[in-house]
Amino acid sequence: MGDSGLKILSLNVKGLNTPQKRRLLLRELKRSACHIALIQETHFASSRQFSLRNKAFPVTYMASSPQKKKGVATLIHSSCPFKIHLEVSDPAGRYLMLVGQIASTTLTLFNIYAPNGYDPDFWTEISSLLTTKADGRVIFGGDFNAVPQPSLDRKASGDSSGTPSGYPQDASLESFMLDHSLVDAWRLHHPGDRDFTFFSNPHHSYSRIDLFLVSLSTMPLIPTSSIGDITWSDHAPISMTLSIPSYTPAWSWRLNSSLLHKPEHILELQQQLRDYFLENDSPTLSPTTLWLAHKTVIRGHLIQLGSRLKKQKLASLVSLTKDLSKWETLNKLSPSDALTAQIKTIRTAIRQLLGEDAARSLAWSKRTYFEFANKSHTLLASKLRNQTRSKHITGARDGEGVLHTSPATVNKLFTSYFQTLYNHSPTHVSDSIPLGQSIDRFLSRAPLPRLSPAQRQALRRPPSEEEIAEVIKAFKPHKAPGPDGFSAFYYKTFTQTLSPHLHKFYLSLWEGAPAPADFLRSDIILIPKEGKDPSYPQNNRPISLLNVDYKIFTKILANRLNSFLASIIHPDQVGFIPGRHAFANTRRAVVLMERMTDTQLPSLLISLDAEKAFDRLEWPFLFRLLTTWGFPMSFISTLRSLYDSPTSAVITPGTVPTSFSVGNGTRQGCPLSPLLFALSLEPLLSAIRHSPHITGVTVGGEEYKVSAYADDVLLTLSHPSASIPPLLSLLRDFSAVSGYKVNLEKSVAMPFSLSASICQETESSSGFRFTRSSLKYLGVWLTPDVNGLHSLNYEAMFKLLGEDLERWGREGVSWIGRINCIKMNLLPRLLYLFQA
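In the UniProt record's numbering, the protein residues as written are 1 to 836.
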């Protein structure tokens with residue numbers, strides 16, 4: 001997408017009931033690079049609507065009639081943050097109204113397919129909607145079956161004067177425009193021109209019935225508008241650019257993986273890589289410079305290759321389109337049968353060319369669907385997923401709760417929040433002696449196991465080419481790339497050529513060379529937490545998009561840690577530890593609850609809510625802890641280089657992000673992140689286990705106090721009045737040295753055999769939120785009465801599964817596919833409950 005504004009396109013397609021025409025439409029939209037597409041005459045019956053949604057246009061709104069006629073559809077591109085507040089669709093399929101917001105601009109977007117005859121009731125209905133429900137700047141787009149100025153916008157065959165009489169619907173349109181102060185966008189940009197969007201074969205006449213009508217306040221935001229050529233449809237596409245104030249669509253290069261699908265392209269790029277490394281690999285050039293420069297060089301070759309292939313692919317189409325434009329211009333000026341015949345010949349050739357292209361694409365899609373659509377595969381999973389209409393963050397609230405919608409302000413507020421979060425203790429630095437002493441005092445509270453000589457030796461070993469190849473092979477090829485734009489598919493395709501030089505680069509890092517800034521850079525995308533207002537920055541989960549070469553290196557380190565992590569982390573911690581499962585902790589919780597109930601033991605079940613646990617971890621604590629564990633200095637030094645002034649940028653729509661330095665936290669998206677967090681939390685869990693002042697629940701002679709799945713910590717404490725004060729003191733001390741912070745207001749406690757007065761007193765003194773009904777842990781509802789587990793978990797699950805099955809029934813899935821739906825989606829959810 002370009003950076004000049006948002007492009008809106010309108011096209012009457014004369015029916016989309018065949019797969020080939022739907023494919024042609026999506027190809028047209030891709031070529032036009034539009035952000036919003038207004039489509040008329042879809043000819044979908046309301047009882048059976050085909051999906052126009054795809055990866056590029058995931059958001060689709062439709063209005064269809066009961067019969068296979070009329071119908072309009074509005075498609076929103078994935079890069080367009082159009083937040084819809086109101087949708088009004090005509091049951092007859094004549095119009096679709098969307099009221100929403102882009103940045104700080106409110107828009108009302110009408111998609112119109114007007115009656116092709118005099119129908120005042122239609123315009124009365126549209127007027128009522130415009131008066132009562134429209135908001136902000138108004139844009140009408142579509143096929144109006146009428147023209148604003150008959151003398152300029154209609155031309156009959158052989159009519160040299162160009163002054164045909166108008167039709168009754170033209171008068172209705174003119175009256176509607178005057179009543180609501182609407183202007184014709186194209187006419188204002190081309191005041192003296194005559195151009196047309198539709199050619200009527202029966203009448204041998206031209207007309208400009210496809211229009212953009214906008215309110216007077218909207219016109220200053222429309223710098224350009226244009227009419228395309230009539231090719232595969234009977235109507236010409238019309239388009240205009242909408243410049244939203246303060247909205248700047250950001251662009252960054254990403255590898256087009258389709259370039260690596262053909263053997264000849266792979267061989268060409270393979271040779272480019274070999275030539276580059278052969279010419280530049282020398283003792284005078286550092287491995288770091290050699291590796292980073294190769295990305296710039298190969299990126300240029302990839303851009304060049306893509307441009308060349310596009311030109312080759314479009315060469316015939318471009319030539320035919322130019323000829324069509326030339327003959328249409330002549331025919332519009334002076335229509336004749338000879339010119340009309342010439343135009344028909346060229347249009348037939350264009351339709352045949354586009355049809356063959358669409359047919360090849362459709363054949364490939366059919367083959368793919370034949371092979372995978374009914375198997376346990378991404379295609380089927382995508383079809384079953386209950387996707388929300390838009391995941392764009394279109395607003396941000398400041399510290400006072402005021403909502404801001406300007407893209408620059410939204411990005412500034414989110415960047416400020418995460419910059420503060422990732423630098424929450426700027427005075428806590430590794431060379432601070434008081435901080436180091438405080439960390440050592442806390443670590444001395446409970447014994448921690450040390451690595452064995454064999455484990456230390458395994459961590460000292462430099463990365464090998466075999467490890468690099470093994471990690472690349474295991475990567476999923478089409479995950480979102482980091483800031484450099486290179487996906488794992490690139491590394492998988494050229495593993496043999498890249499591995500030796502990537503190995504040299506990693507060895508230089510291992511031997512103490514500083515990690516380059518580009519290597520440590522990341523983009524942060526935000527995933528809104530379910531059921532929470534995403535305009536508050538804290539209600540979004542930050543996921544770091546890291547460069548693949550960074551992830552390969554950290555995955556090698558993670559694989560080494562995984563080989564012995566279970567031997568040094570207590571079994572109470574089951575998160576991300578090989579061989580351990582979440583259901584072990586939920587089963588234990590149920591058994592302990594039964595024990596507390598049967599023995600009438602005064603006790604509490606407490607679920608701790610850690611505030612941004614992964615993002616708050618302080619590095620001085622982590623590195624000092626690794627030294628206490630007995631990690632070799634070579635491993636710690638390498639890890640330090642990965643945390644030496646990394647930078648991030650928060651990606652939000654409509655503006656160019658600002659980078660900032662990161663001073664704490666483990667990046668969510670890094671293979672090392674969950675393992676380092678498990679190591680960092682273990683001192684707290686060990687201190688709780690070994691504290692004589694905190695008592696747990698004893699079963700079979702063993703005392704159980706704590707269970708954890710990463711940062712999800714569940715405590716089972718007896719004698720709460722005596723246990724909670726030392727627990728809170730321990731949490732405060734750990735927070736002071738590690739950055740770990742418990743949100744007491746969101747932490748939930750469930751009492752057992754405690755009187756109401758003691759509960760009230762404990763709730764007041766501790767800050768925990770008490771509940772006697774239920775508590776959720778790792779997706780399972782826990783209840784004081786074991787009999788309540790079934791109703792809260794299974795009955796709710798059965799209801800959800802029933803809704804999913806009903807929704808899946810509306811999808812085109814075969815019987816084999818339905819069996820796989822159950823196997824890949826329904827059974828795993830039931831099995832987790834069975835296990836838990």
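From the three backbone atoms N, C-alpha and C, an ideal C-beta is built for every residue, glycine too.
(request) Could you have a look at residue 206 and say whether DSSP puts it in helix, strand or coil? (result) strand
(request) Would you list the one or two residues that DSSP bridges to residue 8? (result) 36 and 240
(message) Would residue 832 and residue 583 qualify as a contact pair, given that the criterion is a beta-carbon distance under 9 Å?
(response) yes
(message) Helix, strand or coil for residue 143? Go by DSSP, reduced to three states.
(response) strand
(request) Report the three-state DSSP secondary structure of residue 59 (helix, strand or coil). (result) strand
(request) Might you give, ordered along the chain, the residues of its own chain that have their beta carbon closer than 8 Å to the beta carbon of residue 332, omitting 5 neighbours on each side? (result) 155, 194, 195, 196 and 206
(request) Report buried or exposed for residue 649, applying the criterion of at least 16 other Cβ atoms within 10 angstroms of its Cβ. (result) buried
(request) Provide the residue(s) that pair with residue 604 in DSSP beta bridges, ordered along the chain. (result) 717 and 751
(request) Measure from the alpha carbon of residue 747 to the alpha carbon of each residue in 713, 578 and 739, then state which is nearest. (result) 713
(request) Work out the CA separation of residue 781 and residue 607 for me, nearest whole Å. (result) 12 Å
(message) Please classify residue 487 as buried or exposed, where buried requires at least 16 neighbouring CB atoms within 10 angstroms.
(response) buried
(request) Look at residue 711 and residue 836 and say whether their C-beta atoms are less than 9 Å apart. (result) no
(request) Pick helix, strand or coil for residue 87, following the three-state DSSP scheme. (result) strand
(message) So for residue 253, helix, strand or coil by DSSP?
(response) coil
(request) With DSSP as the reference, label residue 522 as helix, strand or coil. (result) strand
(request) Mind checking which residues open and close the alpha helix (DSSP H) that includes residue 154? (result) Element bounds for residue 154: not the alpha helix (DSSP H) but the beta strand (DSSP E), 154-156.
(message) Please state whether the Cβ-Cβ distance between residue 112 and residue 140 is less than 9 Å.
(response) yes
(message) Out of 255, 324 and 287, which one is the CA nearest neighbour of residue 303?
(response) 255
(message) Please list the terminal residues of the continuous alpha helix (DSSP H) segment that includes residue 123.
(response) 120-132
(request) Would you identify the three-state DSSP class for residue 643, choosing helix, strand or coil? (result) coil
(request) Answer yes or no: do residue 596 and residue 737 have a C-beta to C-beta separation smaller than 9 Å? (result) no
(message) Quick check on the burial criterion: 16 or more other C-beta atoms within 10 angstroms. Buried or exposed for residue 399?
(response) exposed
(request) Keeping to the same chain, check which residues put their C-beta closer than 7 Å to that of residue 311; ignore five residues upstream and five downstream. (result) none
(request) Grab me the residues of residue 92's own chain with a C-beta within less than 7 Å of its C-beta, minus the 5 sequence neighbours each way, in chain order. (result) 65 and 70
(request) For the segment 728-780, list the alpha helix (DSSP H) runs that are entirely contained and at least 4 residues long, ordered along the chain. (result) 756-766
(request) Reducing DSSP to helix, strand and coil, say where residue 668 ends up. (result) coil
(request) State the DSSP-derived secondary structure class of residue 280, mapped to helix, strand or coil. (result) helix
(message) Run through the DSSP bridge pairs and tell me what residue 703 is partnered with.
(response) 698
(message) Taking a contact to mean a Cβ-Cβ separation below 9 Å, would you say residue 726 touches residue 693 in this structure?
(response) yes
(request) Indicate the three-state DSSP secondary structure (helix, strand or coil) for residue 95 in the structure shown. (result) strand
(message) If you follow the alpha helix (DSSP H) that residue 624 is in, where does it begin and where does it stop?
(response) 619-629
(request) State yes or no: is the C-beta of residue 213 within less than 9 Å of the C-beta of residue 182? (result) yes
(message) With H, G and I counted as helix, E and B as strand and the rest as coil, what does DSSP make of residue 183?
(response) strand
(request) Give the DSSP bridge partners of residue 213, in chain order. (result) 140 and 184
(request) Please state whether DSSP places residue 536 in a helix, a strand or coil. (result) coil
(request) Measure the CB-CB distance between residue 699 and residue 592 and report whether it falls below 9 Å. (result) yes
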